[in-house]
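Below: the structure, in C-alpha cells.
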Amino acid sequence: MKTTEPAMIRRGIYESLSAVANAFASPARLKVIQILAQSPRSVEELAQETGESVANVSQHLQKLSKARVTSCERSGVKRIYRVINPKVLQIWENFQDLSHELDPALDLQEGLLTNPSLHALEPAAEIMREVRAGKAVLIDAREEKESAATPVSGALPISLTQLRKAKNLKELGLTRSKPIFVLCRGRYCSIASNAVLALRTWGCDVYRLRESPFQLNRIASGVRARTS
C-alpha cells in the first residue's frame with residue numbers, strides 16, 4: 044500500500060493541473076479571458092463580444108469559475124465575471140508568446156489583423172521611458188469602460204470612437220510635436236491600428252503597440268523602479 048500512495052497522490056496532482064490547463068483549452072474560453080482582462084463583464088456582454096450564445100458563454104464561464112480562473116459576483120439580477128488573479132493574465136500572455144514560438148504562422152495571422160507597418164519599432168520599455176519623461180504620448184484607444192477598469196500608466200484614454208468623431212487634434216488635446224503610441228487590448232486587437240490610421244490623416248508621427256495593458260503596466264513598473 045505504501046508503494047502505491049505516492050503514485051496515487053501524483054495522479055491526483057496531475058488531474059488537478061489538467062483541470063486548470065483545460066480551462067484554457069477552448070477558443071471561446073480564450074476569447075472570454077482576453078475580454079475579461081480588459082474589464083469585468085456580464086454573461087450577456089460576453090456573449091455579444093464573443094459572438095457566442097448566452098447559453099454557450101454560461102457553460103464556458105462555469106468551467107472557468109470551477110478552475111478558479113474567473114470569479115463571479117452579483118450586481119442586481121446580473122452576474123458579473125472578472126479575472127482577479129494577475130497570474131492568470133501572465134499565463135495568458137506567456138501562452139501567446141509560446142504559441143508564436145511554436146507556430147510561426149501565428150505571426151502572419153497577427154499581421155493580417157494589425158498591419159505590421161503600423162507597429163512601433165522601439166522596444167516597449169524604451170517607449171514607456173519616453174512617455175514617463177514626457178518625450179512621447181501614449182494613447183489608450185479602448186472604450187472608456189475598459190480604459191477606466193484597467194488603466195495603463197501614463198496613457199491618455201482617447202477611444203477610437205472619440206478619435207473618429209473629433210474634427211481636429213486640438214479637440215483631443217493632442218499636437219504633432221511629439222511621437223504618439225497607441226495601445227489597445229493586445230497583439231490580436233485591431234483597435235490601435237485603426238486609431239493609428241486615423242491619427243496619420245492629421246499628419247501625426249504615430250505607431251501602435253503590440254503589448255497588452257497588463258504587459259505595459261508591468262513594463263511601466265520596471266521603468267519607475269529603475270528611474271526612481
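Residues in the sequence shown are numbered from 44 upward in steps of one, following this note's numbering. Even glycine gets a Cβ: it sits at the ideal position worked out from N, Cα and C.
Integer Cβ distance of residue i from residue j, believed to fall under 8 angstroms
{"i": "I262", "j": "A191", "result": "In fact, because the Cβ distance is near 21 angstroms, the residues do not count as touching under 8 angstroms."}
{"i": "R253", "j": "H162", "result": "6 angstroms"}
{"i": "A241", "j": "L215", "result": "Actually they do not touch by this definition, with Cβ atoms about 10 angstroms apart."}
Residues near residue i in its chain [Cβ-Cβ closer than 7 angstroms; skip 5 each side]
{"i": "M51", "result": "none"}
{"i": "N260", "result": "V195, S196"}
{"i": "S101", "result": "V86"}
{"i": "T113", "result": "L79, L104, L107, Y124, R125, V126"}
{"i": "A209", "result": "L215"}
{"i": "N99", "result": "A71"}
Contact check, residue i vs residue j, beta carbons under 8 angstroms
{"i": "S85", "j": "I127", "result": "no"}
{"i": "A179", "j": "P222", "result": "yes"}
{"i": "A68", "j": "L107", "result": "no"}
{"i": "S96", "j": "T157", "result": "no"}
{"i": "I170", "j": "L203", "result": "no"}
{"i": "R228", "j": "Q81", "result": "yes"}
{"i": "Y231", "j": "E116", "result": "no"}
{"i": "T193", "j": "P147", "result": "no"}
{"i": "V38", "j": "R251", "result": "What the structure shows of the chain is the stretch from 44 to 271, and residue 38 is not part of that stretch, so it cannot be assessed."}
{"i": "L164", "j": "V174", "result": "no"}
{"i": "R125", "j": "L155", "result": "no"}
{"i": "H103", "j": "R72", "result": "yes"}
{"i": "R219", "j": "G246", "result": "yes"}
Close beta carbons around residue i, own chain, < 6 angstroms, minus the five adjacent residues each side
{"i": "D183", "result": "S190, V195, A198, P200, L226"}
{"i": "W135", "result": "I76"}
{"i": "D248", "result": "P222"}
{"i": "T93", "result": "K74"}
{"i": "K188", "result": "S82"}
{"i": "E186", "result": "S202"}
Which residues DSSP lists as bridging residue i, in chain order
{"i": "I123", "result": "S85, E116"}
{"i": "P200", "result": "D183"}
{"i": "H162", "result": "R251"}
C-beta neighbour in chain B for residue i, strict 8 angstroms
{"i": "G94", "result": "Within the model displayed, chain B is absent; a lone protein chain is all it includes."}
Contacts around residue i, its chain only, beta-carbon distance under 8 angstroms, and the 5 residues preceding and following it disregarded
{"i": "A110", "result": "A62, V63, N65, A66"}
{"i": "Q133", "result": "F257"}
{"i": "M44", "result": "Note that M44 has pLDDT 47, beneath the 50 cutoff, so the model's placement of it is unreliable and the number below is only indicative. Nothing meets the Cβ criterion."}
{"i": "F224", "result": "A163, I170, V174, A179, V180, L181, I182, V249, Y250, R251, L252"}
{"i": "K213", "result": "none"}
Residue i: CB within 7 angstroms of a non-hydrogen atom of the ligand ADP
{"i": "V249", "result": "Of the ligands one can find in the structure shown there are none, so the ligand ADP has no counterpart to examine."}
Secondary structure, alpha helix (DSSP H): runs of 4+ residues fully inside the stretch 216-251: 234-243
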